[in-house]
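*Asks:* To start, I am sharing the structure in question, which I have written as structure tokens.
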Amino acid sequence: MSVATLHELHRPLGSTGLLVSPLGLGTVKLGRDQGVKYPNGFQIPDDDAARMLLKQAQGLGINLIDTAPAYGRSEERLGPLLRGQRQDWVIVSKVGEEFADGLSRHDFSAAHTRMSVERSLQRLETDFIDLVLVHSDGNDLAILEHEEVYATLAVLKAEGKIRGFGFSGKTVEGGLKALEQGDCAMVTYNLNEQSEKAVIDYAAAHGKAILVKKALASGHVCLSPGVDPVRASFELLFQQPGVASAIVGTINPLHLAHNVATVAQVLRGH
Numbered sequence: 472m473s474v475a476t477l478h479e480l481h482r483p484l485g486s487t488g489l490l491v492s493p494l495g496l497g498t499v500k501l502g503r504d505q506g507v508k509y510p511n512g513f514q515i516p517d518d519d520a521a522r523m524l525l526k527q528a529q530g531l532g533i534n535l536i537d538t539a540p541a542y543g544r545s546e547e548r549l550g551p552l553l554r555g556q557r558q559d560w561v562i563v564s565k566v567g568e569e570f571a572d573g574l575s576r577h578d579f580s581a582a583h584t585r586m587s588v589e590r591s592l593q594r595l596e597t598d599f600i601d602l603v604l605v606h607s608d609g610n611d612l613a614i615l616e617h618e619e620v621y622a623t624l625a626v627l628k629a630e631g632k633i634r635g636f637g638f639s640g641k642t643v644e645g646g647l648k649a650l651e652q653g654d655c656a657m658v659t660y661n662l663n664e665q666s667e668k669a670v671i672d673y674a675a676a677h678g679k680a681i682l683v684k685k686a687l688a689s690g691h692v693c694l695s696p697g698v699d700p701v702r703a704s705f706e707l708l709f710q711q712p713g714v715a716s717a718i719v720g721t722i723n724p725l726h727l728a729h730n731v732a733t734v735a736q737v738l739r740g741h
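Taking my numbering, the leading residue of the sequence shown gets 472, the next gets one more, and so forth.
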């Protein structure tokens, strides 16, 4: 039996010109094990395990990788781990949130935004980042209306340091506003939470990109007996034409293979 992969199922990331796998690899667990909301504890994998996970993901047809300065050492580990493979990956990172000494703090100023992107370029050992999202603190509209972060990202895009930008927010109003001028919104959408569906619908109508976070409710999804929660989650997601890709942050090779096989089945209508 051949292994199901996503190689033939890459799809447009809105109108950015990028093609992405319908499943992306989230890398918070490569860099941070404090203050994360997962049902079970985990150990940050060492370099060998991380390298094998990335190789497995690539072999399964995943080309989208999601990181952030707020993910502890994730970016600085990915730089060396992805050496020589830059053309194989679509890299998403963030600005606006810093994580140090077990605490998060937010800064959406122009100076911090530019510093953060240039630091990410250095850590990731690349000349450009495919997509940079604003890591919202929940005050979505205030950030978009009164802070300098979006205008600064537009300048960085014009300079060629990033290829697209958008917003990882927490409200419908923020998501809609973010898509007016940005390329992408990252929304929460799963079996438990569907309040941001209007943002997905707007994106579908306007050629914008949607990435989904917490697609499996950070591992908390439970359903009635006999129903595969992973399959039910992906069926819900990919019924939405606006969704480009779901970011799943597993470091378990079996979970990764199962997720990929399930997405492949759902998208092929099996």
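The beta-carbon is built from N, C-alpha and C at its ideal position, and this holds for glycine as well.
How is Leu574 classed by DSSP in three states: helix, strand or coil?
*Replies:* Leu574 falls in the strand class under three-state DSSP.
*Asks:* Mind pulling the beta strand (DSSP E) runs of 3 or more residues that sit fully within the segment 551–606?
*Replies:* 561–566, 568–571, 574–577, 602–606, all fully within the segment 551–606.
*Asks:* Could you name the residues of the same chain whose beta carbon sits closer than 7 Å to that of Glu667, not counting the 5 residues immediately before and after it, in chain order?
*Replies:* Val643, Gly646, Val658, Thr659, Tyr660, listed in sequence order.
*Asks:* Ala732 by DSSP, collapsed to three states: which one?
*Replies:* Helix, per DSSP.
*Asks:* Where DSSP assigns a beta bridge to Arg482, which residues make up the other side?
*Replies:* Val491.
*Asks:* Could you give the C-beta distance for Lys648 and Phe636, rounded to a whole number, given that I count them as a contact under 8 Å?
*Replies:* Contact flag wrong, Cβ pair sits at about 14 Å.
*Asks:* Can you give me the start and stop residues for the alpha helix (DSSP H) that Asp654 sits inside?
*Replies:* Looking at the DSSP string, Asp654 is not in any alpha helix (DSSP H), and its letter there is neither H nor E.
*Asks:* Ends of the beta strand (DSSP E) at Asp537?
*Replies:* First-last of the beta strand (DSSP E) with Asp537: 535–537.
*Asks:* What would DSSP say about Ser545, mapped onto helix, strand or coil?
*Replies:* Three-state DSSP puts Ser545 in a helix.
*Asks:* Residues in the same chain with beta-carbon distance under 6 Å from Gln505, minus the five sequence neighbours each way, listed in chain order, please.
*Replies:* Cβ neighbours of Gln505 beyond the five flanking positions: Gly573.
*Asks:* Which runs of the alpha helix (DSSP H) fall wholly inside the segment 628–685 and span at least 4 residues, in chain order?
*Replies:* DSSP runs (the alpha helix (DSSP H)) wholly in the segment 628–685: 643–652, 668–677.
*Asks:* If I follow the unbroken alpha helix (DSSP H) through Ala528, where does it start and stop?
*Replies:* Taken as a continuous stretch (DSSP letters only), the alpha helix (DSSP H) holding Ala528 covers 518–530.
*Asks:* With distances taken from CA atoms, which of Thr538, Ala703, Gly532, Pro551 is nearest Asp518?
*Replies:* Among Thr538, Ala703, Gly532, Pro551, the Cα nearest to that of Asp518 is on Pro551.
*Asks:* Can you tell me whether DSSP reads Leu496 as helix, strand or coil?
*Replies:* Three-state DSSP puts Leu496 in a strand.
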